[in-house]
Structure formats: structure tokens, C-alpha cells
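In this text, residue positions in the sequence shown follow the UniProt record's numbering: the first is 1, and each later residue adds one.
Built from N, CA and C at the ideal position, the CB exists for glycine as well.
Everything on this sheet refers to the single structure shown next.
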Amino acid sequence: MSPISTLPHKLLRHILEYLSNEELYTIMPVSTVWNATAGQVVAHSFREQHLVMWIDQEGHRMCNPLWTFDSYNTLTNVIRFKPYEAEPTTHPDIYNLMFGLKRPCLRLITIGDDHHYDYLEKAGSISLKHTGQKTMLASDLSAADNTYHQWRFTYRIEYLYRKNRKIDGERVFIPEIFECSLSFLNPKRAHRTKLAWYVKKHMKNINPAPSKDSKRTKIHGEVSPSEWNSFFSQQPNDMMPQMYVH
């Protein structure tokens, strides 16, 4: 009987489809073939579940952008999500630039209906002052494997108009793209959304001094596909790459 490692790709994939995502991540290091096949199965599983972002401004104006599967790059192991198509009657998410008010903050990323586990190592603020396309580029250091996991969140900021009149101090927030390395979605590195974890994450924002902490970089405007590929193809424990900020 042939060893399982020599099974045809289609048959191996069919077998792996019976495993949970946590089990699939566990067997990925077995071989290059297993890593590639298990990665495709994990990515395919996100066709049937969604990602949820938890964003608020000082505890108010909360919004929860939903993301659905868009594509998976087998060469870079990067999975891409697009915004869930909301009903036409859905009101836009609006945030305020009033003096003294902190910027909106991305606090949690959860998967599906299970809101008890957070995949975000550190919160990230949403830039409001200038309109246009913006990207939050991130590299999260996970305590579970002492490895950096890359992701990027692209969104657009627009002026708010009512009856053709621009409203000063108000901005419309429009999510556009979320991409991450497949390892970012490993259940083993998720944190239970308890008060202790929430406080710990908040302290990371207050004191970002440690050099081996999770990184956040803001990029304004368009970034070329080659720059994204360079970012996602970096070695797991590399520091944040030097990218041109537009």
C-alpha cells in the first residue's frame, strides 16, 4: 500500500476536507504537499463563513464590517476578503473629527458567529482627517508561536453630505479589502475575548515601546501589487518592511 504522502492531490484534498481547520493547521508542517493542500482546504472553508471586524469610537458609533471570501493565492498563502454586500437601505458608517475625540479603533477580528475568540494582537486606529483610500498595514507577533503574521486592511474615507451640503467634522467610512497570511487565521493563536485580554491589548496601544511588538503602519493612496507581494512574502520573523508611503 502506498504511503499517504504519495496520494494524488485530489484524493488527499478530499480526505483533508473531513478535518477541522485546527487539525488542518496542525498537519501543515508535515510536508510541502500537505502544507499546500491543507492550506487550500482551509481557504475554501471561508467560502461558508465570514470575518467580523469590531470598530468603535470611544465606545460609541460601533460598526461591524462583515467580510466574505474573495480569493486565495497559493503562491503567497494570502487569503483575500471582500465586504459583505449590505442591503441598499443600510446607512453608511459615520465617524466624527470633533476636537478631543479619539479616532475610531479596530479592536477585534472574529470569525463567523463565534465572537469569543479574537485574532487581533493589537488594536489599530482608523485615520479620518484626510479623505481617500488608506491602508492599515500590520504584522502581528503571536505569543502562540512567536511568529509574525501579516495582514492589511484597506478602506476609504469620504466627506459626509446631507441634501448636497458637506457636513463639517463628519466622515464616511467604507471598508474595501482585507487580506492576511493564512497563518493569521490559525485558531491556536486566537485569544478568548475576556476582560483581561481586552485590557492587555489596550495597554499595547498606550505603551508601544517593546521592539518585538505587533506593528501598525498607515499608508495613504495606492500601493502597487509588487509592494504587497513583497510585504506578504517576507520571512515570518522579519520586522516591518520599508514601504513607500504615498
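Per-residue DSSP class, three states only, for residue i
i, result
"Met28", "helix"
"Arg192", "strand"
"Lys122", "coil"
"Leu19", "coil"
"Ala43", "helix"
"Glu222", "coil"
C-alpha distance - residue i paired with residue j, whole-angstrom precision
i, j, result
"Asn96", "Ile27", "46 Å"
"Ile126", "Phe173", "9 Å"
"Ala38", "Leu185", "13 Å"
"residue 297", "Ala196", "The structure shown has nothing for residue 297, since the chain only spans 1 to 246."
"His246", "Val41", "Low per-residue confidence applies at His246: pLDDT is 38, beneath 50, and the placement is therefore not dependable, though the value from the model is reported in the following sentence. Going from the Cα of His246 to the Cα of Val41 covers about 36 Å."
"residue 257", "Leu24", "Summary: the structure shown does not reach residue 257, with the chain confined to residues 1 through 246, and so no result is reported for it."
"Ile219", "Met62", "23 Å"
"Ser224", "Pro175", "19 Å"
"Thr217", "Arg47", "29 Å"
"Ile111", "Lys82", "14 Å"
"Leu128", "Glu170", "9 Å"
Proximal residues to residue i (C-beta, below 7 Å), its chain only, five neighbours per side dropped
i, result
"Trp34", "Ile27, Met28"
"Ala43", "Tyr72, Ile79, Leu182"
"Asn21", "Val42, Ser45, Pro187"
"Ser211", "Low confidence applies to Ser211: its pLDDT is 42, below 50, so where it sits in the model is not reliable, and the reading given next is rough at best. Correct list: empty, nothing qualifies."
"Met53", "Asn64, Pro65, Leu106, Ile109"
"residue 263", "No statement about residue 263 is possible, as the shown extent of the chain runs from 1 to 246 and does not include it."
Close Cβ partners of residue i (< 6 Å) along its chain, the five nearest in sequence each way excluded
i, result
"Pro92", "Val172"
"Leu19", "none"
"Thr135", "Arg152, Thr154, Ile219"
"Ile55", "Cys63, Pro104, Leu106"
"His115", "none"
Sequence-distant residues of its chain with Cβ nearer than 8 Å to residue i (five each side left out)
i, result
"His130", "Ile157, His220"
Near the ligand FMN: residue i beta-carbon under 7 Å from a heavy atom
i, result
"Ser20", "In terms of ligand content, the structure shown is empty, and the ligand FMN therefore cannot be addressed."
Checklist entry - What are the start and end residues of each continuous beta strand (DSSP E) run of 3 or more residues lying completely inside the stretch 46 to 134, in chain order? => result Whole beta strand (DSSP E) segments, 3+ residues: 51 to 57, 60 to 63, 66 to 73, 78 to 83, 93 to 96, 105 to 111.
Checklist entry - Are the stretch 150 to 161 and the stretch 133 to 142 touching, with three or more C-beta to C-beta distances below 8 Å? => result Yes, since at least three Cβ pairs between the stretch 150 to 161 and the stretch 133 to 142 fall closer than 8 Å, the two stretches touch.
Next on the checklist: Using 8 Å as the cut-off, can you tell me whether the stretch 96 to 106 makes contact with the stretch 72 to 79, which would need three or more C-beta pairs spanning the two stretches below that distance?
Outcome noted: Counting Cβ pairs under 8 Å, fewer than three are found: no touch.
Checklist entry - Does the stretch 108 to 128 touch the stretch 181 to 196, meaning 3 or more C-beta pairs lie closer than 8 Å? => result Two segments are said to touch when three or more pairs of C-beta atoms, one from each, lie closer than 8 Å; by this definition the stretch 181 to 196 touches the stretch 108 to 128.
Next on the checklist: If we require 3 or more residues per run, which beta strand (DSSP E) segments fall completely within the stretch 129 to 183?
Outcome noted: Entirely contained in the stretch 129 to 183, the beta strand (DSSP E) runs reaching 3 residues are, in chain order, 132 to 142, 147 to 162, 165 to 181.
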